[in-house]
Amino acid sequence: MLKNSRHSINIGMLKEDLSISAVVVGLIATMVSYAGPLVIVFQAAQVAHLSDAHLSSWIWAISIGSGITCILLSIWFKAPIITAWSTPGVVLLVSSWSIYSYTDAIGAFIFSAVIITFLGWTGLFEKIMNRIPYSITTAMLAGILLNFGVEVFTSLRNLPELVFPMILCFLIFKRLSPRYTVVITLFLGLLITYFTGNLKTESIDISLVNPIFTAPTFSFDALIGIGIPLCIVTMASQNAPGIGVLRADGYNVPISPLVTTTGIFSILLAPFGSHAINLAAITAAICTGKEAHEDKNKRYIAGISCGLFYLIFGIFGAAMASIFQALPSEFIAVIAGLALFASLSTSLASAMEGTQKESALITFLVTISGISFLGIGAAFWGLVAGILTNTIFQIKFNSFSKKTTEMSNSQKDDS
1 MLKNSRHSIN IGMLKEDLSI SAVVVGLIAT MVSYAGPLVI VFQAAQVAHL SDAHLSSWIW
61 AISIGSGITC ILLSIWFKAP IITAWSTPGV VLLVSSWSIY SYTDAIGAFI FSAVIITFLG
121 WTGLFEKIMN RIPYSITTAM LAGILLNFGV EVFTSLRNLP ELVFPMILCF LIFKRLSPRY
181 TVVITLFLGL LITYFTGNLK TESIDISLVN PIFTAPTFSF DALIGIGIPL CIVTMASQNA
241 PGIGVLRADG YNVPISPLVT TTGIFSILLA PFGSHAINLA AITAAICTGK EAHEDKNKRY
301 IAGISCGLFY LIFGIFGAAM ASIFQALPSE FIAVIAGLAL FASLSTSLAS AMEGTQKESA
361 LITFLVTISG ISFLGIGAAF WGLVAGILTN TIFQIKFNSF SKKTTEMSNS QKDDS
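Last residue of the sequence shown? That's 415 in the numbering used here, and every number before it is there in order.
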């Protein structure tokens, strides 16, 4: 039995809360995690001239780290805590890794993870996140998810014989059996993919991984050139949106243990190639919404499921790339987008509630703009823009209120 101050979960409860929808949603989240970001991992490996063995070890490390933390944190807090590897971090490596040795990069990974762990353990990151208004975090989430929803329909241009039946199936079963809508749509899509000849089974090559331990070296240039930027983009572009996803769906779990745990596993797995383990955003939204389960207290099963699939896929390392390359990109885009419909609609509605509509709108627009500055993605700058807007409006309101009070008091004195 695992316990924390709020929850106690045993095997009997796990069996009672188990649902097919949550398990399949966990599988979809894992597929989305590998489908796009893994391609960027391959690009970074080419830049660094890594061997196939080191590449497989890297994929194994980020998969095992994501899997273990998903399972531990989901059970600990009885919430769908989804973790992943830092995709913005991999993008950073694509642009900067070529001038540093592999061992220096490993040292920079550890340095970055130590800073992240410190920010989590001390509670500094949680204090910052607690000051951000709810409407702004939900607007940021809506901005992140919007493109996924749009891609469902843009995919129609390339593969209408697959995409249209999937959309139609989703709409019909959303009306008839909402809980299993994504599950049914997933299997229909796989069947259509197979029978239309779009499944490239000949490219699938399954093999096990032999993890490689690399002793780190610590170069000042690598610590500054990789370590510090990796820490910033991981916290700003991954952990911050990840917290926003959880809160948007009503999971007010403490932030510090989440960040600290992912930071510790990042340190442990860095010598095997892992650049950073962190909270997920897109894949988290798949598991935290109603598609996983109508009862939000039972959606933690999706987090455990996601973690288990991470572990299974990670054992085969680089072979996972061939599996996802066998599926058409339109299939991944559609099933991910449809699974995120509920989270997108909820986020849009929540963002426009209350008195902070302007701040939420600007957060949303900046986030969907896709701008990147100083290596940090649009989600972070959306938060910054929303907070700045909210601050300006608060200052104007307080100033106006003060002047109104002074005028009222002056009129009373005159009378």
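We put the CB at the ideal spot given by N, CA and C, even for glycine.
Short check: CB of residue i to CB of residue j, under 8 Å?
{"i": "F364", "j": "G189", "result": "no"}
{"i": "S66", "j": "I304", "result": "no"}
{"i": "A105", "j": "G263", "result": "no"}
{"i": "L340", "j": "I387", "result": "no"}
{"i": "M166", "j": "T185", "result": "yes"}
{"i": "L258", "j": "A108", "result": "no"}
{"i": "L344", "j": "G149", "result": "yes"}
{"i": "V245", "j": "T288", "result": "yes"}
{"i": "S57", "j": "V209", "result": "yes"}
{"i": "G227", "j": "F42", "result": "no"}
{"i": "I332", "j": "V90", "result": "no"}
{"i": "I115", "j": "C231", "result": "yes"}
{"i": "L27", "j": "F170", "result": "no"}
{"i": "A53", "j": "I212", "result": "yes"}
{"i": "L327", "j": "L124", "result": "no"}
{"i": "T261", "j": "L73", "result": "yes"}
{"i": "F309", "j": "T83", "result": "no"}
Would you list the one or two residues that DSSP bridges to residue i?
{"i": "N278", "result": "A84"}
Whose C-beta lies closer than 7 Å to the C-beta of residue i among residues of the same chain, with five residues either side of it excluded?
{"i": "S19", "result": "H293, K298 and I301"}
{"i": "N390", "result": "P133, I136, Q356 and S359"}
{"i": "A385", "result": "I362, T363 and V366"}
{"i": "Q238", "result": "S86, P88, N278, L279 and A281"}
{"i": "F380", "result": "A236, S237 and A240"}
{"i": "V163", "result": "S155, L156, E330 and V334"}
What residue does the alpha helix (DSSP H) around residue i start on, and which one ends it?
{"i": "N130", "result": "L124 to N130"}
{"i": "A270", "result": "No alpha helix (DSSP H) holds A270; DSSP gives it neither H nor E."}
{"i": "K200", "result": "Where K200 is concerned, there is no enclosing alpha helix (DSSP H), given that its DSSP letter is neither H nor E."}
{"i": "P328", "result": "Note, P328: premise wrong, no alpha helix (DSSP H); not H, not E."}
{"i": "K174", "result": "P160 to L176"}
{"i": "A292", "result": "Unbroken run through A292: none, as it is neither H nor E."}
{"i": "N147", "result": "Y134 to T154"}
{"i": "V253", "result": "Careful: V253 lies outside any alpha helix (DSSP H) and carries neither H nor E."}
{"i": "F309", "result": "Y300 to I315"}
{"i": "A79", "result": "Premise fails: A79 is in no alpha helix (DSSP H) and is neither H nor E."}
{"i": "L223", "result": "Run containing L223: none; DSSP gives neither H nor E here."}
{"i": "G189", "result": "T181 to F195"}
{"i": "A349", "result": "F341 to A351"}
{"i": "A105", "result": "Y102 to W121"}
{"i": "T234", "result": "I228 to T234"}
{"i": "G12", "result": "I11 to D17"}
For residue i, which residues of its own chain have a beta-carbon under 6 Å away from its beta-carbon, when the five flanking residues on both sides are left out?
{"i": "K3", "result": "Legend: pLDDT at K3 = 43, less than 50; position of this residue unreliable, no value from coordinates given."}
{"i": "E126", "result": "I255 and S256"}
{"i": "L146", "result": "I368"}
{"i": "I64", "result": "G314"}
{"i": "F424", "result": "The structure shown has nothing for residue 424, since the chain only spans 1 to 415."}
{"i": "L93", "result": "A44"}
{"i": "L141", "result": "G244, V245, A248 and S347"}
{"i": "A351", "result": "S135, T138, A139, A142 and A360"}
{"i": "A342", "result": "G289, K290 and E291"}
{"i": "M129", "result": "I243 and I255"}
{"i": "I81", "result": "L73, S74 and G303"}
{"i": "A61", "result": "L269, F272, G273 and S274"}
State yes or no: is the beta carbon of residue i nearer than 8 Å to at least one beta carbon in chain D?
{"i": "I282", "result": "Included in the structure is just one protein chain, with no chain D present."}
Starting from the C-beta of residue i, find all residues in its chain whose C-beta is less than 8 Å away, skip the five residues before and the five after it, and write them out in chain order.
{"i": "S5", "result": "Because the pLDDT at S5 is just 43, under 50, the model does not fix this residue reliably, and the point stays unresolved."}
{"i": "S96", "result": "G225, I226 and P229"}
{"i": "N158", "result": "E330"}
{"i": "T103", "result": "T214, A215, P216 and T217"}
Is it a yes or a no for the stretch 257-273 touching the stretch 11-29, going by three-plus beta-carbon pairs under 8 Å? No, because fewer than three Cβ pairs between the stretch 257-273 and the stretch 11-29 fall closer than 8 Å, the two stretches do not touch.
Does the stretch 72-81 come within contact of the stretch 249-263, defined as at least 3 CB pairs closer than 8 Å? Verdict: yes, contact present.
Give a yes or no on contact between the stretch 353-368 and the stretch 215-227, applying the rule of three or more CB pairs nearer than 8 Å. Segments in contact, no.
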